Amino acid sequence: MKRRHFLAGAGAAAAGLAWWARPKDHGAPHPEYFARLNAELKQHGPMRPALVIDLDRLDRNIDRVVASIGRVPGRQYRVVEKSLPSVGLLDYVLQRAGTRRLMSFHQPFLNADARQWPDADLLLGKPMPVRAAARFYAEHQGAFAPERQLQWLVDSPARLAQYLELARGQGLLLQVNIEIDVGLHRGGVSRDEDLLAMLALIADHPQQLRLTGFMGYEPHITAVPRPLGTPEQLFARAMERYQHYVGLCQQAHPQLWSDQLTLNTAGSPTYKLHEAETLCNDISVGTGLLKPSHYDIASLAEHEPAVFIATPVLKATGPVMMPGLDEKSRLLSWWDVNQRETFFIYGGYWLADYASPPGLQFNALYGHSKNQEIVNASPAVALQVDDQIFLRPQITEAVLLQFGDLIAVRDGKIQDYWPVFPSV
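Every number in this note's numbering is 3 more than the matching position in the sequence shown, counting from 1.
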């Protein structure tokens, strides 16, 4: 074969390989669900970044949780407030679920809970510094009775001693729920002698301290590498440890034990596993009701995403143009059809993933912007200025506080606006 023929053939082959390797077109218009939301928000929405809550999907997720928890007689559902930090949203969930139990993780939110729901049963989801507990009492107003309705979480003999001093100094009766380590090693009592010391301190000071239960958190077992055990195996071990600490209390201090104690556990990733046990009577679920993208896990496969960020397109400028490349940037859009449209959106840099229309991609060369983030796509997305794009938050508790009032929608139509808690 002559050299020029060989080179020509090799060149053609390389060109064909390059053409084959070009990115495929990932774009498409909004599917029907998001097309309806887009039309509603363009006509009636605030035309700024906003958090949208789908009430139809939320209803179904609440009903799934309530049905699962209800399979064990006497078991109660506790709503995790930090995952749903809005009075309107929490009130909606509490009413739909038929519960008045809340788990709180933040002192200002705790005071807000006590004001808003004077009949609530509140359990702290993490141990609070004793000065934060003192601040709660300094700011507390209203009919809510902490000595009957509030359980402080304590995780060590040292913290319990601090709470005892607070109770003595202010003439308080504090209800205490003891955090136990059931195998995740996230803190909590892990030694028998520590638990026995805490129980003895409670028994010796009935005017200041009252035992109201235990809390053993285990949702992270779903993230443990499989060689270390399946979720079911790790769950069984966690329940064995839980039973051990309960038994220790029953044996060493039977006067503190009561069938009315709050035996709290779970979280969204593992709540369904508790259908197989009857020890725990108080199950916490929050984030799974909205199912952000971080919760796309097997144990929540039946749950539906019910929360989205919606934000309008401010500018549509055509093929991507990079600073310094200028007109040479056309090579990028020639090579990648998904860079033939450029959109500047209102805001950006959220802890979220693009949801609709399909094929949106972050421009890593420009980088993130909280003001006007650049998004590229193929012409197939058919976006125009003022159209909305939609993202799924990766988590809820921090992200929900960033957008002002939540927009509650049903059947694609705006129903209400719910203020969020102050982000203090």
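Think of the CB as a built atom: it goes at the ideal place given N, C-alpha and C, for glycine as much as any other residue. No experiment lies behind these values; they were computed from the predicted model shown.
Remark: C-beta atoms of residue 107 and residue 116 approach each other more closely than 7 angstroms.
Look at residue 280 here: in three-state DSSP terms it is coil, with no helix or strand label. Apart from sequence neighbours up to five positions away, the residues of its chain that approach residue 216 with a beta-carbon distance below 6 angstroms are 180, 264, 265, 266, ordered along the chain. Separation of residue 139 and residue 274 (C-alpha to C-alpha, rounded to the nearest whole angstrom) is 30 angstroms. The residue from 237, 176, 80, 289 with its alpha-carbon nearest to that of residue 399 is 289.
In the structure shown, residue 50 adopts coil according to DSSP, grouped into three states.
In terms of CA proximity to residue 202, 214 leads the group 375, 348, 344, 214.
Bridge pairing for residue 71: absent [DSSP]. Taking C-beta atoms as the reference points, residue 176 and residue 150 count as a pair closer than 7 angstroms. In this structure residue 352 is exposed. Its beta-carbon is surrounded by fewer than 16 other beta-carbon atoms within 10 angstroms. Residue 397 places its beta carbon less than 7 angstroms from that of residue 296.
Apart from the 5 residues on each side of it in sequence, residue 183 sits with its Cβ closer than 6 angstroms to the Cβ of 191, 192, 217, 219, 248 in its chain, given in chain order. Annotated three-state conformation of residue 56 is strand, per DSSP.
The DSSP assignment places 212 to 219 as complete runs of the beta strand (DSSP E) inside the stretch 191 to 220, in order along the chain (cut-off: 3 residues).
The residue among 415, 422, 377 with its C-alpha nearest the C-alpha of residue 46 is 415. Under DSSP, residue 35 shares a beta bridge with no residue. Nearest C-alpha to residue 354 among 65, 406, 145: 406. When the beta-carbon positions are compared, residue 310 and residue 292 stay at least 7 angstroms from each other.
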